[in-house]
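J.: The listed protein sequences derive, respectively, from chains A and B. Position 259 (the first sequence) corresponds to 258 in numbering that gives the first Met the number 0; numbering is contiguous. Position 311 (the second sequence) corresponds to 310 in numbering that gives the first Met the number 0; numbering is contiguous. Supplied in structure tokens, the structure appears directly below.
2 protein chains.
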Amino acid sequence: MSDTALQIQSLLREDRVLEVRLAEVPVPAPAADEVLVRVEAAPINPSDLGLLFGTADMTTARATGTPERPVIEADVPENAMRMMTGRIGQALPVGNEGAGTVVAAGDDPSAQALMGRTVGVFGGELYSQYRCVKAPQCLPLHEGTTAEQGASCFVNPMTALGMVETMVMEGHKALVHTAAASNLGQMLNRICIADGVPLVNIVRKPEQEALLRDLGAAHVVNSAADSFGDDLTAALRETGATLAFDAIGGGRLAGTILGCMEAVAVEQMDAYSRYGSDVFKQVYIYGALDYTPTTINRNFGFSWAVGGWLLPNFLQRAGGERMQRMQRRVADELTSTFASHYTARVSLAEALTLEALSVYGRQATGQKFLVTPQA
Amino acid sequence: MSDTALQIQSLLREDRVLEVRLAEVPVPAPAADEVLVRVEAAPINPSDLGLLFGTADMTTARATGTPERPVIEADVPENAMRMMTGRIGQALPVGNEGAGTVVAAGDDPSAQALMGRTVGVFGGELYSQYRCVKAPQCLPLHEGTTAEQGASCFVNPMTALGMVETMVMEGHKALVHTAAASNLGQMLNRICIADGVPLVNIVRKPEQEALLRDLGAAHVVNSAADSFGDDLTAALRETGATLAFDAIGGGRLAGTILGCMEAVAVEQMDAYSRYGSDVFKQVYIYGALDYTPTTINRNFGFSWAVGGWLLPNFLQRAGGERMQRMQRRVADELTSTFASHYTARVSLAEALTLEALSVYGRQATGQKFLVTPQA
Chain A
0 MSDTALQIQS
10 LLREDRVLEV
20 RLAEVPVPAP
30 AADEVLVRVE
40 AAPINPSDLG
50 LLFGTADMTT
60 ARATGTPERP
70 VIEADVPENA
80 MRMMTGRIGQ
90 ALPVGNEGAG
100 TVVAAGDDPS
110 AQALMGRTVG
120 VFGGELYSQY
130 RCVKAPQCLP
140 LHEGTTAEQG
150 ASCFVNPMTA
160 LGMVETMVME
170 GHKALVHTAA
180 ASNLGQMLNR
190 ICIADGVPLV
200 NIVRKPEQEA
210 LLRDLGAAHV
220 VNSAADSFGD
230 DLTAALRETG
240 ATLAFDAIGG
250 GRLAGTILGC
260 MEAVAVEQMD
270 AYSRYGSDVF
280 KQVYIYGALD
290 YTPTTINRNF
300 GFSWAVGGWL
310 LPNFLQRAGG
320 ERMQRMQRRV
330 ADELTSTFAS
340 HYTARVSLAE
350 ALTLEALSVY
360 GRQATGQKFL
370 VTPQA
Chain B
0 MSDTALQIQS
10 LLREDRVLEV
20 RLAEVPVPAP
30 AADEVLVRVE
40 AAPINPSDLG
50 LLFGTADMTT
60 ARATGTPERP
70 VIEADVPENA
80 MRMMTGRIGQ
90 ALPVGNEGAG
100 TVVAAGDDPS
110 AQALMGRTVG
120 VFGGELYSQY
130 RCVKAPQCLP
140 LHEGTTAEQG
150 ASCFVNPMTA
160 LGMVETMVME
170 GHKALVHTAA
180 ASNLGQMLNR
190 ICIADGVPLV
200 NIVRKPEQEA
210 LLRDLGAAHV
220 VNSAADSFGD
230 DLTAALRETG
240 ATLAFDAIGG
250 GRLAGTILGC
260 MEAVAVEQMD
270 AYSRYGSDVF
280 KQVYIYGALD
290 YTPTTINRNF
300 GFSWAVGGWL
310 LPNFLQRAGG
320 ERMQRMQRRV
330 ADELTSTFAS
340 HYTARVSLAE
350 ALTLEALSVY
360 GRQATGQKFL
370 VTPQA
């Protein structure tokens, strides 16, 4: 094994140019409680794109460097720099999750126990050929499970399960999900069918509607349809959903969901109240497919909240026992409930080509890339 | 005592006309656990205007009826009817709070004990000459306190105390308040000075800034100033406030507050995170001085929430013991901490003149009307 290896890094320069490059870094030696993982597969999730390219204007993207050491550069608009000043000059490794083989381990029994195992890993820096992590950060995969099958064992599975756990913890009875035809959305749909949780899927295209219905979804509404408000209200009436998870963030959708929830609540009131219903309605924004402002028409009384939802914060709140129960389920159902599908596989160098970027950078539903750092 | 009395009622007609009128209603006889209060003073709060005039277009207001039985009519725009369909055809009494003398009481000891006492009352229908309520809905005022002094003993005092209690219950250490020069804002300022709670007051005019500083406020920032963002950030840095109460609702202010809170939190981070800080930041919208949409630029990570805050919902959550402690303090400090000042006194009939409406309907800071139903 060479003592250096390749890693993708994202660097914001003072001159407002974002530089994403392939760097050569030392292969670390694991401490007593650590293992060294040879990373064989790591997905490109929407949450990775935010760190890879930040708020750079990707229409200005250009390829520099060499085929072996490619670099992508893009300009950052002046007004978009403010949100990233904290990272100027830092070469940041990228890649939230991945999977591979444990090729070295520290002396602790927990580390030694993982030697030779195929494990899923969460914790950043996975667009690397090698990654050194604490043993508890690894999810040992069942015998016969491949690194590719385990590459997406954390972000989407734990987010989808986290939505259902949040529903239980906060006393709601059903869920609404936007951008519901996504890989994550399909996973949530499978969990909800298995667990008997009523789910309202909001999509943007007729073909996504058909896809989810084919997958057994009972409630699918199209936000681009003229009848969207009525359709959504009807689905909320049937399910009793008062909790929504929104991947889009910008625009009027979060407010529209709250308004339709309130319409259902008001139908069930005995007397008029100018303060609206006292049914508590919650929208969590967990993504930013639309970076424009969230615009909320407050036509739904005073019993509501819109807030951010982030997996690490949720896990901290959920506690260790709940998290372990969730992880066991992921390992047990990795090739069924939590299966991910990839439309393309790219090496570290291939990920930094304009051709690949033009596809995975669009965040189109149905497109999902897998980085294979050993290729 | 006559067996009928006068009461202000607000009626939304099918033809999209809102009709606010003086009606003659029977004087009720108290049940065993009830008392009959002769209402002597009831304030016009912003929260009353919402029920009085709803979403009617008040530029179309006209006076009909007679001087003894005045009526104000106003048209409701078609798109504003949707929010009020629940009240069509119902003559709704108005007036959230007031004070007066108990002139009749049921047989229960708790009711009999109030006979002849001056009491504050919460529970609607206070723009009436008489109001029959359950004995526990009354706050007996201390000897020598007048009905006028007790008229506003509930909405503003309990809201201001409720903000501080919310801060404690939710683990924040300081407060931000918008429209801070209001009657309520001045009350909150007095409470925070007495209790040693750091408070950031946001106002919109230089003279309001001066007023609050004269009242001992340590942190006052003017949202109309060019330096608002910097001023607010500095005040948040000094106070550590991560909780704001916003009376305005519409526009960009709620998002701006969250953004400045995040800027302070990010200053204290060791390493850059593209997810922002994990410091939880909350804005509660408790009013609607601006009915336009709330527009939120989500440039403050994922650890945030914007939600509605309504006094009755808060009290339910706070529980009986906390509420009684709050009410005792209001009674004890009614002529100091919780004193309200009125700029005009109007009879029930005078309240329904275009002249009076043109002043109290504007909800201008510093203007507060008192209805005196016995005049």
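For every residue, glycine included, the Cβ atom is placed at its ideal position computed from N, Cα and C.
#1: Taking 7 angstroms as the limit between beta carbons, can you name the residues of its chain near A:L21, skipping five residues before and five after?
#2: May I ask you to list, following chain order, the residues of the region 152 to 177 of chain B that have a beta carbon less than 9 angstroms from some beta carbon of chain A?
#3: So that I know if they touch, is there some Cβ in chain B lying closer than 8 angstroms to that of A:Q267?
#4: Any Cβ of chain A within less than 8 angstroms of the Cβ of B:Q89?
#5: To the nearest angstrom, how far is the alpha carbon of A:G122 from that of A:D32?
#6: Answer with yes or no whether the minimum CB distance from A:M82 to chain B is below 8 angstroms.
#7: According to DSSP, is A:E39 part of a helix, a strand, or is it coil?
#8: Once DSSP output is grouped into helix, strand and coil, what is the label at A:C191?
#9: If B:N377 and B:N182 are in contact, beta carbons under 8 angstroms, what's the gap, nearest whole angstrom?
#10: Along the region 290 to 304 of chain B, where does the CB come closer than 9 angstroms to a CB of chain A? Name the residues.
#11: Given this structure, state the Cα-to-Cα distance separating A:L242 from A:T255, to the nearest angstrom.
#12: Could you give the DSSP three-state label for A:Y359: helix, strand or coil?
#13: Using beta carbons (cut-off 8 angstroms, strictly below), is A:G228 in contact with chain B?
#14: Which residues, taken in chain order from the region 46 to 62 of chain A, show a beta carbon closer than 8 angstroms to some beta carbon of chain B?
#15: Classify A:D245 as helix, strand or coil using the three-state DSSP reduction.
#16: Which value, in whole angstroms, describes the spacing of the CA atoms of A:M17 and A:G119?
#17: Thinking just about the alpha-carbon of each residue, which of B:E23, B:P42, B:D2 and B:R12 is nearest to the one in B:R344?
#18: Could you please give the first and the last residue of the uninterrupted beta strand (DSSP E) stretch that includes A:G64?
#19: Does the Cβ of B:A282 have 16 or more other Cβ atoms within 10 Å, making it buried, or fewer, making it exposed?
#20: Are B:L113 and B:V34 closer than 8 angstroms when you measure CB to CB?
#21: Which residues in the same chain as B:F368 place their Cβ atom closer than 8 angstroms to its Cβ, once the five residues preceding and following it in sequence are excluded?
#22: Is the Cβ-Cβ distance between A:V199 and A:H218 less than 8 angstroms?
#23: Taking DSSP's pairing of strands, which residues face B:R344 in a bridge?
#24: Grab the span of the beta strand (DSSP E) containing B:A134 for me, first residue to last.
#25: My understanding is that B:A40 touches B:T371, with C-beta atoms under 8 angstroms, so please give their C-beta distance in whole angstroms.
#26: Can you tell me which of B:L160, B:T144 and B:A246 puts its alpha carbon nearest to the alpha carbon of B:I192?
#27: Whose Cβ in chain B lies nearer than 7 angstroms to the Cβ of A:Y274?
#28: So is B:Q148 buried or exposed if we call it buried at 16+ other beta carbons inside 10 Å?
#29: Would the beta-carbon of B:G239 fall within 8 angstroms of that of B:K280?
#30: Where DSSP assigns a beta bridge to A:H141, which residues make up the other side?
#31: Rounded to whole angstroms, what is the Cα-Cα separation between B:I190 and B:G228?
#32: Under three-state DSSP, which class holds A:T177?
#33: Run through chain A and tell me which residues come within less than 8 angstroms of B:G381, C-beta to C-beta.
#34: Where DSSP assigns a beta bridge to B:D74, which residues make up the other side?
#35: Give the DSSP-derived three-state secondary structure of A:G99 in the structure shown.
#36: Of all the CB atoms in chain B, is at least one closer than 8 angstroms to the CB of A:Y271?
T.: This is what the structure holds:
#1: What you label residue 21 of chain A is simply residue 22 of the first sequence in a count that begins at 1. Contacts found: L5, I7, R68, P69, L347, A348 and L351.
#2: Correct list: empty, as no residue qualifies.
#3: Walking along the first sequence from the start, residue 267 of chain A turns up at place 268. No, A:Q267 does not count as interfacial toward chain B.
#4: The residue labelled residue 89 of chain B in the question sits at position 90 within the second sequence. Taking Cβ atoms only, chain A reaches closer than 8 angstroms to B:Q89, which makes this a yes.
#5: As a working mapping, residue 122 of chain A is identified with position 123 in the first sequence. As a working mapping, residue 32 of chain A is identified with position 33 in the first sequence. Put simply, the backbone Cα of A:G122 is about 16 angstroms away from that of A:D32.
#6: As a first step, residue 82 of chain A must be located in the first sequence, where it is residue number 83. Taking 8 angstroms as the threshold, the shortest C-beta distance from A:M82 to chain B falls below it.
#7: Counted from its first residue, the first sequence places residue 39 of chain A at position 40. Three-state DSSP puts A:E39 in a strand.
#8: On the first sequence, residue 191 of chain A is found 192 positions in, with the first residue counted as 1. A:C191 falls in the helix class under three-state DSSP.
#9: Coverage of chain B is limited to positions 0 through 374, which leaves residue 377 of chain B absent and any answer about it impossible.
#10: Taking 9 angstroms as the Cβ-Cβ cut-off against chain A, the residues of the region 290 to 304 of chain B that qualify are Y290, T291, P292, T293, T294, I295, N296, R297, N298, F299, G300, F301, S302, W303 and A304.
#11: Residue mapping note: residue 242 of chain A aligns to position 243 of the first sequence, counting from 1. Residue mapping note: residue 255 of chain A aligns to position 256 of the first sequence, counting from 1. If I take the Cα positions, the gap works out to 13 angstroms.
#12: Stepping through the first sequence from its first residue, residue 359 of chain A is reached at position 360. In the structure shown, A:Y359 sits in a helix (DSSP, three-state: H, G or I).
#13: As a first step, residue 228 of chain A must be located in the first sequence, where it is residue number 229. Not closer than 8 angstroms to any Cβ of chain B, the Cβ of A:G228 fails to qualify, so no.
#14: Cβ contacts with chain B come from G49, L50 and G53.
#15: Indexing the first sequence from 1 puts residue 245 of chain A at position 246. Of the three classes helix, strand and coil, the one that applies to A:D245 here is strand, per DSSP.
#16: To locate residue 17 of chain A, count along the first sequence from 1; it is residue 18. To locate residue 119 of chain A, count along the first sequence from 1; it is residue 120. The identity of residue 17 of chain A in the sequence shown is Leu, whereas the question assumes Met. Between A:L17 and A:G119, the C-alpha separation is close to 30 angstroms.
#17: Here residue 344 of chain B refers to the residue found at position 345 of the second sequence. Distances from the alpha-carbon of B:R344 to those of B:E23, B:P42, B:D2 and B:R12 put B:P42 closest.
#18: As a working mapping, residue 64 of chain A is identified with position 65 in the first sequence. R61 to G64 is the span of the beta strand (DSSP E), which, as asked, contains A:G64.
#19: Locating residue 282 of chain B in the second sequence gives position 283, where the first residue counts as 1. Checking the displayed sequence, the identity of residue 282 of chain B turns out to be Val instead of Ala. The residue is buried, with at least 16 neighbouring Cβ atoms inside 10 Å.
#20: If you number the second sequence from 1, residue 113 of chain B lands on position 114. If you number the second sequence from 1, residue 34 of chain B lands on position 35. Yes; because the gap between Cβ atoms is below 8 angstroms, this pair is in contact.
#21: Translated into the one-based positions of the second sequence, residue 368 of chain B becomes position 369. Excluding five sequence positions before and after B:F368, the CB atoms of its chain that fall closer than 8 angstroms to its own CB belong to P42, I43, Y341, T342, A343, R344, V345, A350, A355, V358 and Y359, given in chain order.
#22: Position 200 of the first sequence holds residue 199 of chain A. Position 219 of the first sequence holds residue 218 of chain A. In contact: A:V199 and A:H218 (Cβ atoms closer than 8 angstroms).
#23: As a working note, residue 344 of chain B is residue 345 in the second sequence. BP columns for B:R344 point to B:L369.
#24: As a position in the second sequence, residue 134 of chain B is number 135, starting the count at 1. Where B:A134 is concerned, there is no enclosing beta strand (DSSP E), given that its DSSP letter is neither H nor E.
#25: As a working note, residue 40 of chain B is residue 41 in the second sequence. As a working note, residue 371 of chain B is residue 372 in the second sequence. Going by Cβ atoms, the distance from B:A40 to B:T371 rounds to 6 angstroms, so yes, they are a contact pair.
#26: Locating residue 192 of chain B in the second sequence gives position 193, counting from the first residue. Checked all of B:L160, B:T144 and B:A246; the closest Cα to B:I192 is B:L160.
#27: The count along the first sequence starts at 1 and reaches residue 274 of chain A at position 275. A:Y274 reaches chain B at L309, counting residues in chain order whose Cβ is nearer than 7 angstroms.
#28: Position 149 of the second sequence, counting from 1, holds the residue named residue 148 of chain B. Of the other Cβ atoms in all chains shown, 16 or more fall within 10 Å of the Cβ of B:Q148; this residue is therefore buried.
#29: In the second sequence, the residue the question calls residue 239 of chain B occupies position 240. In the second sequence, the residue the question calls residue 280 of chain B occupies position 281. Cβ distance not < 8 angstroms, so B:G239 and B:K280 don't count as in contact.
#30: Counted from its first residue, the first sequence places residue 141 of chain A at position 142. DSSP lists no partner for A:H141.
#31: Taking the second sequence and counting its residues from 1, one reaches residue 190 of chain B at position 191. Taking the second sequence and counting its residues from 1, one reaches residue 228 of chain B at position 229. A straight-line Cα-Cα distance of about 26 angstroms links B:I190 and B:G228.
#32: Position 178 of the first sequence, counting from 1, holds the residue named residue 177 of chain A. Strand.
#33: Since the first residue shown for chain B is 0 and the last is 374, residue 381 of chain B is missing from the structure and cannot be characterised.
#34: Residue mapping note: residue 74 of chain B aligns to position 75 of the second sequence, counting from 1. Answer is B:V16.
#35: The residue given as residue 99 of chain A occupies position 100 in the first sequence. Of the three classes helix, strand and coil, the one that applies to A:G99 here is strand, per DSSP.
#36: By 1-based counting over the first sequence, the position of residue 271 of chain A is 272. A:Y271 belongs to the set of residues whose beta carbon lies under 8 angstroms from a beta carbon in chain B.
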